[in-house]
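Chemist:
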Amino acid sequence: MRMPEPDAAILARRAAIVADLRALLPSDCVIDAEEARRAYECDGLTAYRQLPMVVVLPRSTGEVAAVLRYCHGAGIKVVPRGAGTSLSGGALPLADGVLLGLGKLNRIREIDFDNRCVVAEPGVTNLAITQAVEHAGFYYAPDPSSQIACTIGGNIAENSGGVHCLKYGLTTNNVLGVELVLIDGTVLRLGGKALDAPGYDLLGVVTGSEGLLGVVTEVTVRILPKPASARALLVGFASSEAAGGAVAAIIAAGIIPGGMEMMDRPAIHAAEAFVKVGYPLDVEALLIVELDGPLVEVDELVGRVEAIARASGAVSIRASADEAERLSFWAGRKAAFPAVGRISPDYFCMDGTIPRHRLPHVLARMAEMSGRYGLAVANVFHAGDGNLHPLVLYDANKPGELEAAEAFGAEILRLCVEVGGVLTGEHGVGVEKRDLMETMFDATDLAHQERVKCAFDPPLLLNPGKVFPTLHRCAELGRVHVHGGALRHPELPRF
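Residues 5 to 499, numbered by this note's numbering, are exactly what the sequence shown covers, in order.
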């Protein structure tokens, strides 16, 4: 779909904005050439694309504040962007907005082993934090599958998790403080190195706020000592429902694994073909269960998990013999998303969370949906905390398949809410789930959420069009009723 050509007045306005931004930043930190802007036209949700008006790449908190102060004064919208790995369209640009990239803020500012924390700029990758401290026996626990590329600032925006979030928590459980720049250029510090800050939990409000409240320019995170030992089990099942039952049984027994992940047959075969780590290919579902802690505790828990797995119908069990083998078990899981790209031209990576005991029911319902929509689905998810990542496979070149995949994904998310779960676990709402928010929240709930947005960003310039299915001016929120004064967002263009 081609967008209409801008008229002369729009082009003149854009040229003036670019000139003003070049007066604030070095010339190479302002990108206005069309081909150069093309690299920023989408994030990991590639079905939606839009060229930004202009891209800026500030190098410091001061430069971020200067850009936001200018945009606030001129009434220009701003979309913050980290590494662009968001899978919900959270960093989708706007044709009339500034895309503010944080890739140049990529330094680790301080490593403080005494207080067990690291202070980093938002463009530092998740994995780089662990790499900076592992020589001293420490690591950063949240580990999204994209940790080699995703940034800590983006992790704050989406409240990212990872395979070890079951035991060690999401980003919100591991962040101690942030430096935040508001839309008017005000610089705030929330939290710090202490375990808890006095007053309102504004740090908790900002974590997971998807760039709607401010731009994070510094992050202080907690680091943990590496466990004394860790072993992983590969457990195969004859059905996904049996594997889901085993997950519930392990947690019900009072065992909290370091990580517990599940893949179904399509995902298993794709991952094994991609990384060749020895996954069993004659099973319908595979659990990876990792136990960590003191050696005697790990050995005891491995035996207990094996017994529970057998009682739940496991048809194969393999325990890692050494550290290299444990890492190889995880290598397949970490590579599952790109591996599925080898078997399908396109896929939607969904993200919903359900109560663990509903796993068998939800997996059975998804299988029924797959047949009804005529689209395959590969399941890869954080089974321990019920965070599902079904990959809906489709071919965008076949008429109607993109629309069918979107409808399939929306039905999965509505099912998650129906069984007592939520629309997202770690990918955020963005534009992907925006129009499903009313499935989970009523008008009063949404109005209160919008009031928080208004407290931080009264002119509604930061990442507009994301998260909320309706638009309200801040002054209207005191008299909002069901859809009262609401303006629906326009449909996004597809390319």
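Ideal Cβ placement from N, Cα and C applies to all residues, glycine included.
Can you check DSSP and say which residues form a bridge with Pro146?
Modeler: By one-based count along the sequence shown, residue 146 stands at place 142. Bridge partners of Pro146: none, in fact.
Chemist: What's the C-alpha gap between Thr65 and Leu397?
Modeler: For this step, residue 65 is matched to residue 61 along the sequence shown. For this step, residue 397 is matched to residue 393 along the sequence shown. In a straight line, the C-alpha of Thr65 is about 41 Å away from that of Leu397.
Chemist: Put Gly94 into one of helix, strand or coil per three-state DSSP.
Modeler: For the purposes of this step, residue 94 is taken as the residue at position 90 of the sequence shown. Three-state result, Gly94: coil.
Chemist: So what's Ala382 in DSSP terms, helix, strand or just coil?
Modeler: Mapped onto the sequence shown, residue 382 falls at position 378. Reduced to three states, the DSSP call for Ala382 is strand.
Chemist: Closer than 8 Å is the cut-off here; do at least three beta carbon pairs connect the segment 298 to 314 with the segment 202 to 220?
Modeler: Counting Cβ pairs under 8 Å, fewer than three are found: no touch.
Chemist: Given His361, which residues of its chain have a CB within under 7 Å of its CB, disregarding the five upstream and five downstream residues?
Modeler: Counted from its first residue, the sequence shown places residue 361 at position 357. Ala252, listed in sequence order.
Chemist: Short check: CB of Leu49 to CB of Ser90, under 8 Å?
Modeler: In the sequence shown, counting from the first residue as 1, residue 49 sits at position 45. In the sequence shown, counting from the first residue as 1, residue 90 sits at position 86. Yes. Within cutoff.
Chemist: How about Leu170 and Asp389: are their beta carbons less than 8 Å apart?
Modeler: Start at 1 with the first residue of the sequence shown, and residue 170 comes out as number 166. Start at 1 with the first residue of the sequence shown, and residue 389 comes out as number 385. A contact, by the Cβ cut-off of 8 Å.
Chemist: In this structure, how does DSSP classify Leu72 when only helix, strand and coil are distinguished?
Modeler: Here the question's residue 72 lines up with position 68 in the sequence shown. Helix.
Chemist: Tell me where the beta strand (DSSP E) around Cys503 begins and ends.
Modeler: With the chain covering 5 to 499 only, the question about residue 503 has no answer from this structure.
Chemist: Is it true that the segment 118 to 132 meets the segment 144 to 163, where meeting means three or more beta-carbon pairs spaced less than 8 Å apart?
Modeler: Flag = yes, the segment 118 to 132 and the segment 144 to 163 touch.
Chemist: Give every residue of the same chain whose Cβ lies closer than 6 Å to the Cβ of Ala161, excluding the five residues on either side of it in the sequence, and list them in chain order.
Modeler: Residue mapping note: residue 161 aligns to position 157 of the sequence shown, counting from 1. Taken in chain order, the residues that qualify are Glu214 and Gly215.
Chemist: For the segment 358 to 422, which segments carrying the beta strand (DSSP E) assignment without a break, of at least 3 residues, lie completely within its bounds, in sequence order?
Modeler: Segments of the beta strand (DSSP E) lying fully in the segment 358 to 422: 381 to 385 and 394 to 398.
Chemist: On a CA-only basis, which of Val220, Cys121, Val281 and Ala411 is nearest Ser374? Give me that one, please.
Modeler: Here residue 374 refers to the residue found at position 370 when the sequence shown is read from its first residue. Of Val220, Cys121, Val281 and Ala411, the residue nearest in Cα terms is Ala411.
Chemist: Taking Asp47 and Ala95 to be in contact with their CB atoms under 8 Å, please state how far apart those CB atoms are, rounded to whole angstroms.
Modeler: Position 43 of the sequence shown, counted from the first residue, corresponds to residue 47. Position 91 of the sequence shown, counted from the first residue, corresponds to residue 95. With 8 Å as the limit, Asp47 and Ala95 qualify as a contact, their Cβ atoms being about 4 Å apart.
Chemist: Hey, out of Pro349, Ile347 and Gly425, whose CA is closest to His365's CA?
Modeler: For the purposes of this step, residue 365 is taken as residue 361 along the sequence shown, with counting starting at 1. Minimum Cα distance to His365 is reached at Gly425.
Chemist: Compare the beta carbon distance of Ala340 and Glu288 with 8 Å and say whether it is the shorter of the two.
Modeler: What you label residue 340 is simply residue 336 of the sequence shown in a count that begins at 1. What you label residue 288 is simply residue 284 of the sequence shown in a count that begins at 1. The answer is no: Cβ separation not under 8 Å.
Chemist: Keeping to the same chain, check which residues put their C-beta closer than 7 Å to that of Ala271; ignore five residues upstream and five downstream.
Modeler: Working through the sequence shown from its first residue, we reach residue 271 at position 267. So the list reads Ala340, Val344, Ala382, Asn383 and Val384, once near-sequence residues are dropped.
Chemist: Would Leu440 pass as a contact of Leu427 if the rule is Cβ separation under 8 Å?
Modeler: Here residue 440 is taken as the residue at index 436 of the sequence shown, counted from 1. Here residue 427 is taken as the residue at index 423 of the sequence shown, counted from 1. Yes, the pair counts as a contact, with Cβ atoms nearer than the cut-off.
Chemist: In this structure, does DSSP put Tyr44 in helix, strand or coil?
Modeler: Indexing the sequence shown from 1 puts residue 44 at position 40. Reduced to three states, the DSSP call for Tyr44 is helix.
Chemist: Smallest Cα separation from Asp286: which of Asp296, Pro298, Asp268 and Gly413?
Modeler: To locate residue 286, count along the sequence shown from 1; it is residue 282. Minimum Cα distance to Asp286 is reached at Asp268.
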